[in-house]
Amino acid sequence: MSVTTIATGAPQRAKDDEAIGYFYSLPITATPPADATTAPTGTPIDGGFVGEDGPTLTLEVDAETIRDWNLDQVLQVKQGNTATLEIPVFGWGIEQAKTIYGEESVVDTTNGFRVAWAGELAPRQFYILELKGVNGNGRLIVDGQIQSPGSVQFQKQDALRHTVTITLFKNAAFRDAQDRSAYFNWFDEASV
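For the record, in the sequence shown the residue sitting at position 13 is -1 according to my numbering, with numbers rising by one throughout.
Written out as structure tokens, the structure reads:
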């Protein structure tokens, strides 16, 4: 074990001059990046800034505990599994509104843009988080769909904030050691 194996979850902006914030999305029809350094293909949509608490990846396995006649636990049987990614977002522009509410709910106007949400789900997309650690960079890629726009905080002396919860789907682009579809890809770029 060495201190170089300890990673931090510090944010990193995009490596190019494009207007990509701390996380961005790609259409589900795009090819997701295959490592921690390759630039994304397609046109990424800026998700905005992530709040100081950072994103939270939650992975859960539902299991039933089987007990014998003496009530001793003898076996656990998997019932299912779920994965979500929660991102506290601030920053308010047309691209962030499209990411949160879906393109059908956002209209570009001559003086800015208008959001009129009718309760529709945002489309399923790839979401990519860029991370910078002291021992190298990382990239988290998920296939997901925003459950709902979530809560919005309006405060006099604070940025407009959303808490976005994304339901993750298993995707064939993400493979585990047994070549099964997985919920996410985490890539780590070792420091040079």
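From the three backbone atoms N, C-alpha and C, an ideal C-beta is built for every residue, glycine too.
Quick caveat, the model's predicted, so the values are computed rather than measured.
Review point. Do Val75 and Gly130 have their CB atoms nearer than 8 Å?
Key: Looking up residue 75 in the sequence shown gives position 89. Looking up residue 130 in the sequence shown gives position 144. Result no, Cβ atoms of Val75 and Gly130 do not sit closer than 8 Å.
**Study point:** Identity of the residue in Gln111, Leu146, Gly88, Asp58 nearest Thr17 by Cα
**Key:** In the sequence shown, counting from the first residue as 1, residue 17 sits at position 31. Selected option, being the one with the closest Cα: Gln111.
Check your understanding: With a CB to CB cut of under 7 Å and the five nearest residues on each side skipped, what residues in its chain are close to Gln127?
Key -> Your numbering for residue 127 matches position 141 in the sequence shown. The amino acid occupying residue 127 in the given sequence is Ile; Gln does not appear at that position. The residues are Pro18, Pro19, Phe112, Ile114, Phe170, Asn171.
Practice item. Enumerate in chain order the residues of its own chain whose CB-to-CB distance from Ala80 is below 7 Å, with the five nearest sequence positions on each side excluded. Key: The sequence position of residue 80 within the sequence shown is 94, counting from 1. For clarity, residue 80 is Ile in the given sequence; the question names Ala instead. Closer than 7 Å at the Cβ level, and outside the excluded window around Ile80, lie Val92, Asp94, Phe99.
Review point. For Thr151 and chain C, any beta-carbon pair shorter than 8 Å?
Key: Any reference to chain C falls outside this structure, which holds one protein chain only.
Exercise for review: Please report the residue range of the beta strand (DSSP E) in which Lys64 lies.
Suggested key: By 1-based counting over the sequence shown, the position of residue 64 is 78. Lys64 -> beta strand (DSSP E) spans 59 to 76.
Exercise for review: Return helix, strand or coil for Ile(-8), following the three-state DSSP convention.
Suggested key: Locating residue -8 in the sequence shown gives position 6, counting from the first residue. Coil at Ile(-8), not helix or strand.
Review point. What is the residue span of the alpha helix (DSSP H) that Ala83 lies within?
Key: For the purposes of this step, residue 83 is identified with residue 97 of the sequence shown, where counting begins at 1. First-last of the alpha helix (DSSP H) with Ala83: 80 to 87.
Practice item. Pick out whichever of Thr15, Pro41, Ala(-4) has its Cα sitting closest to the Cα of Pro109. Key: Numbered from its first residue, the sequence shown carries residue 109 at position 123. The shortest Cα separation from Pro109 among Thr15, Pro41, Ala(-4) belongs to Thr15.
Point to revise | DSSP three-state assignment for Ser137, whether helix, strand or coil | key: Numbered from 1 along the sequence shown, position 151 holds the residue referred to as residue 137. Three-state result, Ser137: coil.
Practice item. Report all residues from its chain with a CB closer than 8 Å to the CB of Ile52; omit the five preceding and five following residues, and keep chain order. Key: Locating residue 52 in the sequence shown gives position 66, where the first residue counts as 1. Correct list, in chain order: Gln59, Val60, Leu61, Gln62, Val63.
Check your understanding: What residue from Ser(-12), Ala102, Ala83, Leu146 has the CA that sits closest to Ser11's CA?
Key -> By one-based count along the sequence shown, residue 11 stands at place 25. Nearest of Ser(-12), Ala102, Ala83, Leu146 to Ser11, Cα basis: Ala83.
**Study point:** Beta-bridge pairing of Gly33 - partner residues as DSSP gives them
**Key:** Stepping through the sequence shown from its first residue, residue 33 is reached at position 47. Paired residue(s): none; Gly33 is not in a bridge.
Review point. Three-state secondary structure (DSSP) at Glu38?
Key: For the purposes of this step, residue 38 is taken as residue 52 along the sequence shown, with counting starting at 1. Here Glu38 sits in coil by DSSP.
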